[in-house]
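Going by the working numbering, the first residue of the sequence shown is number 225, and it counts up by one from there. Here the structure is laid out as structure tokens; the discussion comes afterwards.
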Amino acid sequence: MKLEFLYVPTRDLRAALALYRDGLGWQEAWREGESTVSLALPGTEVQLMLDASDPDAAFGPMFVVESVRDFHTGRPSGLRIVAEPEAIPGGFMATFEDQSGNTIYVLDQSEAAAAP
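The following block contains the structure:
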């Protein structure tokens with residue numbers, strides 16, 4: 225399990241980019257469509273993922289695992305399921321909450337790894 229992203233939902237992607245990219249000087253790492261931009265955080269491999277596709281989603285860490293389905297099946301009992309594993313580009317993602325209600329996202333890139 226590796227921390228890959230800090231997921232930051234936003235109602236205004238343009239304003240978020242003005243702050244994080246232009247104001248703080250963080251470099252754009254990649255984009256997906258018109259609603260998601262990932263920024264490289266200086267001094268770390270973790271990226272900040274700004275996402276305007278669901279502005280009411282919860283902020284939280286995104287961990288990459290080999291298999292979301294395996295993680296889901298063997299997850300620690302302290303993680304409550306918020307969203308069952310669902311397909312995302314290149315793999316699957318599931319959402320959990322810890323005992324304090326903090327959101328934890330778990331994703332894999334199993335489909336991307338299996339592509340020829």
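Every residue, glycine too, gets a C-beta built ideally from N, C-alpha and C.
For residue i, the residue or residues it bridges with in DSSP
i, result
"P285", "L230"
"M304", "Per the sequence shown, the amino acid found at residue 304 is Arg instead of Met. DSSP, once it has assigned bridges, lists E321 as partnering R304."
"V261", "R255, L274"
"F316", "A311, D332"
C-beta atoms of residue i and residue j nearer than 8 Å
i, j, result
"M317", "E228", "no"
"R299", "P309", "no"
"L274", "A240", "yes"
"L331", "V270", "no"
"G302", "Q333", "no"
"M225", "V289", "yes"
"A276", "S259", "yes"
"L272", "W250", "yes"
"F320", "I328", "yes"
Range of the contiguous alpha helix (DSSP H) that encloses residue i
i, result
"V330", "First-last for V330: 327 to 332, but that is the beta strand (DSSP E), not the alpha helix (DSSP H)."
"R238", "237 to 241"
"T297", "292 to 298"
Burial state of residue i (16 or more Cβ within 10 Å)
i, result
"G284", "buried"
"T297", "exposed"
"S262", "buried"
"L243", "exposed"
"T268", "exposed"
"L248", "exposed"
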